[in-house]
Amino acid sequence: MKRDSPDGVWSIRRWAVLSGVLASLLIGAAIVAGSMALVNLTDSRSRLLDVTGPQVLQSTALSTAMLNQETGVRGYILAGRAEFLEPYRDGLKAQDTAVAELRRLGAIPGTTIGDDLDQVLQAASTWRRTVIEPVLAGAPATGAQVEASKPLFDGVRGALNGLQSRLEAERLDARNDLSSAADVLRVMLVVIAVLLCAALALVFFLLHRKLISPIRQLAGEVRDVATADIHREVRGSGPKEMRELASDVESLRSRILAEVTHLERAQETIAVRTRELERSNSDLEQFAYVASHDLQEPLRKVASFCQLLQKRYQGKLDERGDQYIGFAVDGAKRMQALINDLLAFSRVGRRPGESVLLESESLLDAALGNLEDAITESGARITRGELPVVRGEKSLLTAVLQNLVGNAVKFRGEDPPEIDVAAELDGTDWRFSVTDNGIGISDEYAERIFVIFQRLHGRGDYPGTGIGLALSRKIVEHHGGRIWLDTTVTAGTRFCFTLPADQSPSEGNGQA
Numbered sequence: 101m102k103r104d105s106p107d108g109v110w111s112i113r114r115w116a117v118l119s120g121v122l123a124s125l126l127i128g129a130a131i132v133a134g135s136m137a138l139v140n141l142t143d144s145r146s147r148l149l150d151v152t153g154p155q156v157l158q159s160t161a162l163s164t165a166m167l168n169q170e171t172g173v174r175g176y177i178l179a180g181r182a183e184f185l186e187p188y189r190d191g192l193k194a195q196d197t198a199v200a201e202l203r204r205l206g207a208i209p210g211t212t213i214g215d216d217l218d219q220v221l222q223a224a225s226t227w228r229r230t231v232i233e234p235v236l237a238g239a240p241a242t243g244a245q246v247e248a249s250k251p252l253f254d255g256v257r258g259a260l261n262g263l264q265s266r267l268e269a270e271r272l273d274a275r276n277d278l279s280s281a282a283d284v285l286r287v288m289l290v291v292i293a294v295l296l297c298a299a300l301a302l303v304f305f306l307l308h309r310k311l312i313s314p315i316r317q318l319a320g321e322v323r324d325v326a327t328a329d330i331h332r333e334v335r336g337s338g339p340k341e342m343r344e345l346a347s348d349v350e351s352l353r354s355r356i357l358a359e360v361t362h363l364e365r366a367q368e369t370i371a372v373r374t375r376e377l378e379r380s381n382s383d384l385e386q387f388a389y390v391a392s393h394d395l396q397e398p399l400r401k402v403a404s405f406c407q408l409l410q411k412r413y414q415g416k417l418d419e420r421g422d423q424y425i426g427f428a429v430d431g432a433k434r435m436q437a438l439i440n441d442l443l444a445f446s447r448v449g450r451r452p453g454e455s456v457l458l459e460s461e462s463l464l465d466a467a468l469g470n471l472e473d474a475i476t477e478s479g480a481r482i483t484r485g486e487l488p489v490v491r492g493e494k495s496l497l498t499a500v501l502q503n504l505v506g507n508a509v510k511f512r513g514e515d516p517p518e519i520d521v522a523a524e525l526d527g528t529d530w531r532f533s534v535t536d537n538g539i540g541i542s543d544e545y546a547e548r549i550f551v552i553f554q555r556l557h558g559r560g561d562y563p564g565t566g567i568g569l570a571l572s573r574k575i576v577e578h579h580g581g582r583i584w585l586d587t588t589v590t591a592g593t594r595f596c597f598t599l600p601a602d603q604s605p606s607e608g609n610g611q612a
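In structure tokens form, the structure reads like this:
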């Protein structure tokens with residue numbers, strides 16, 4: 101189906117890509133700025149800790165080495181003892197070490213600090229060449245040499261002070277740079293946090309505006325259609341996919357509405373025909389009742405006169421005459437039985453009797469009492485389980501048990517009938533069963549046997565009107581249950597029927 105979607109409407113994917121790009125740009129900018137600030141802080145820290153700080157320390161070590169040299173030379177000149185030259189020699193070694201470290205740390209020729217270091221070394225070289233080297237060469241030490249040494253070493257000291265002052269200035273600049281870098285990093289962290297919040301807010305705004313809000317709107321419209329007004333049109337908004345989904349839902353709603361309208365019309369038609377069928381069934385039942393009732397009296401007269409003819413003229417007529425009278429009497433009796441069964445069938449549900457709690461044991465006893473002659477004649481043995489208390493009409497439920505047990509006695513095989521009546525709780529119903537060892541019923545007749553006037557055997561083989569099982573089904577259904585042939589039984593026959601289990605506290609349940 102082609103969906104209608106306005107031109108220029110963005111899809112969810114495009115909105116997601118846009119949101120992702122904007123968020124990525126903001127986050128990327130924040131990361132770059134933060135990284136630059138962090139690199140600047142690291143460089144400033146490295147400059148302070150790895151360059152300017154060690155340079156100051158080495159300049160101090162150089163100054164100490166120079167002072168040790170001056171002290172050793174002064175002592176040697178004044179005392180003339182060689183051991184006083186040890187501080188001088190140690191100072192020379194310390195000087196070389198300090199100068200090497202300063203060179204490594206960047207005080208190379210051509211740089212400001214390198215030039216200052218060169219001035220210190222040049223002043224020290226002049227001092228040693230003028231004062232120390234002549235003495236070490238064997239010239240006699242005099243007080244004039246001591247006096248000449250002082251201004252020369254003051255030049256060395258001045259050059260050292262200049263070097264140290266410049267290095268202190270460099271360290272102060274490094275400290276200031278480190279402090280500034282730290283401030284910049286703190287500001288950048290705040291900016292990064294703000295940018296991240298802005299990115300999240302932007303993404304949330306776009307999601308809410310372009311996705312969540314249209315989804316809620318569509319869900320609300322669908323909910324209204326599902327629960328209240330199926331005639332309400334579903335309209336989508338937002339991204340392309342949401343509009344397409346709304347179009348699909350609207351198409352589905354239209355089809356459902358058409359189906360519902362069709363079903364409503366069909367239900368109206370069914371309701372009309374159901375009422376007509378109920379009226380027709382009622383008329384048929386009324387006709388059957390009236391016809392059966394009105395046939396009773398003339399049929400009773402026919403049967404009575406036929407029996408009188410049989411009693412008075414039996415043996416006085418020829419054999420064929422006696423046979424004809426016998427046929428008439430037998431037909432009248434069968435007609436009376438059929439009319440009585442029709443009356444019983446038509447009365448079920450027409451005039452509901454009192455529904456009371458009944459002992460199934462008593463119902464079975466009454467049914468067996470009505471069948472006493474047939475049971476005695478057939479030699480049937482009847483067993484029963486523990487039967488419950490049920491609610492219903494006594495005469496009708498007795499008729500059900502009487503029909504089922506009577507059929508078990510009637511449709512027997514060569515062996516005497518063995519009949520078992522049992523009941524068990526099945527959910528909210530009592531499931532009764534009547535099982536026998538008779539001739540059985542084929543599965544293909546499982547439904548046909550419950551149709552009125554349907555017989556599987558001729559009247560000559562087994563007497564009856566063909567109404568018993570149909571009457572039993574009508575009675576059971578009238579009590580809210582169902583009846584069926586258990587087709588899983590292969591030997592004999594088992595009929596089952598259900599009755600609602602009475603849950604009232606006053607129930608005297610006959611089965612635990």
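Positions 101 to 612 (the numbering used here) are the ones given, in order, by the sequence shown. Cβ atoms here follow ideal geometry from the backbone N, Cα and C, with glycine treated the same way. Bear in mind the structure is a predicted one, so any value in this text is a computation, not a measurement.
Residue i vs residue j beta-carbon contact at 8 angstroms
i, j, result
"Ala523", "Leu501", "no"
"Arg531", "Thr598", "yes"
"Leu614", "Arg484", "The question about residue 614 has no answer here: the residues shown for the chain are numbered 101 through 612."
"Asp494", "Leu458", "Checking the displayed sequence, the identity of residue 494 turns out to be Lys instead of Asp. Closer than 8 angstroms, so yes."
"Asn168", "Ala194", "yes"
"Ala283", "Ser144", "Just to set this straight, residue 283 is Asp in the shown sequence, not Ala. Not a contact, by the Cβ cut-off of 8 angstroms."
"Val509", "Ser478", "yes"
"Gly492", "Ser455", "yes"
"Thr152", "Ala274", "yes"
"Val235", "Ile177", "yes"
"Leu613", "Leu263", "Because the chain spans 101 through 612 in this model, residue 613 falls outside it and cannot be assessed."
Those residues which DSSP pairs with residue i across a bridge
i, result
"Pro600", "Asp529"
"Gly492", "Val456"
"Glu518", "Arg481"
"Val534", "Val521, Phe595"
"Ile583", "Phe597"
Whole-number beta carbon distance between residue j and residue i, since they are thought to touch under 8 angstroms
i, j, result
"Ala161", "Ala207", "So it is not a contact: roughly 13 angstroms between Cβ atoms."
"Gln155", "Leu221", "Contact flag wrong, Cβ pair sits at about 15 angstroms."
"Ser460", "Val490", "6 angstroms"
"Thr498", "Asp520", "Not confirmed; about 19 angstroms, so no contact."
"Leu267", "Ile213", "7 angstroms"
"Val303", "Ser119", "5 angstroms"
"Gly568", "Pro600", "With a Cβ gap of about 23 angstroms, Gly568 and Pro600 do not count as contacting."
"Leu126", "Ala301", "About 10 angstroms separates the two Cβ atoms, so there is no contact after all."
"Ser533", "Arg594", "6 angstroms"
"Ile549", "Ile541", "6 angstroms"
"Ala281", "Ala259", "Actually they are not in contact, since the Cβ atoms of Ala281 and Ala259 sit about 33 angstroms apart, beyond 8 angstroms."
Through-space distance from residue j to residue i, alpha-carbon basis
i, j, result
"Leu363", "Ala371", "12 angstroms"
"Asp586", "Cys596", "7 angstroms"
"Leu83", "Gln414", "Since the displayed the chain opens at 101 and closes at 612, residue 83 lies outside it and no answer follows."
"Arg103", "Ala129", "Unreliable positioning characterises Arg103 in this predicted model, as indicated by a pLDDT of 49, which lies under 50. The coordinate reading is nonetheless provided below. Spanning the two alpha carbons is a distance of roughly 40 angstroms."
"Leu122", "Asp215", "53 angstroms"
"Arg203", "Arg229", "23 angstroms"
"Glu518", "Leu487", "18 angstroms"
"Gly172", "Gly210", "33 angstroms"
"Pro605", "Ser347", "Bear in mind that a pLDDT of 44 at Pro605, under 50, signals an unreliable position, so the number given afterwards is only what the model happens to contain. One C-alpha to the other measures close to 57 angstroms."
"Arg512", "Gln386", "36 angstroms"
"Val256", "Asp190", "18 angstroms"
"Ile583", "Val505", "14 angstroms"
"Asp473", "Asn507", "14 angstroms"
"Ala133", "Met288", "7 angstroms"
"Arg316", "Arg353", "18 angstroms"
"Pro251", "Arg174", "13 angstroms"
"Ile356", "Leu496", "47 angstroms"
Environment of residue i [buried if 16+ CB atoms lie within 10 Å]
i, result
"Arg114", "exposed"
"Cys406", "buried"
"Thr528", "exposed"
"Ile425", "buried"
"Leu285", "buried"
"Ala269", "exposed"
"Lys574", "buried"
"Ser146", "exposed"
"Asn261", "exposed"
"Pro516", "exposed"
"Met101", "Low local confidence applies: a pLDDT of 45 at Met101 is under 50, so the model's placement there is unreliable, with the coordinate-based value given in what follows. Per the 10 Å Cβ criterion, exposed."
"Phe253", "buried"
"Gln423", "exposed"
"Gly538", "buried"
"Met136", "exposed"
"Tyr188", "buried"
"Ile312", "exposed"
Check: residue i C-beta below 7 angstroms from any heavy atom of the ligand SAM
i, result
"Asn276", "Of the ligands one can find in the structure shown there are none, so the ligand SAM has no counterpart to examine."
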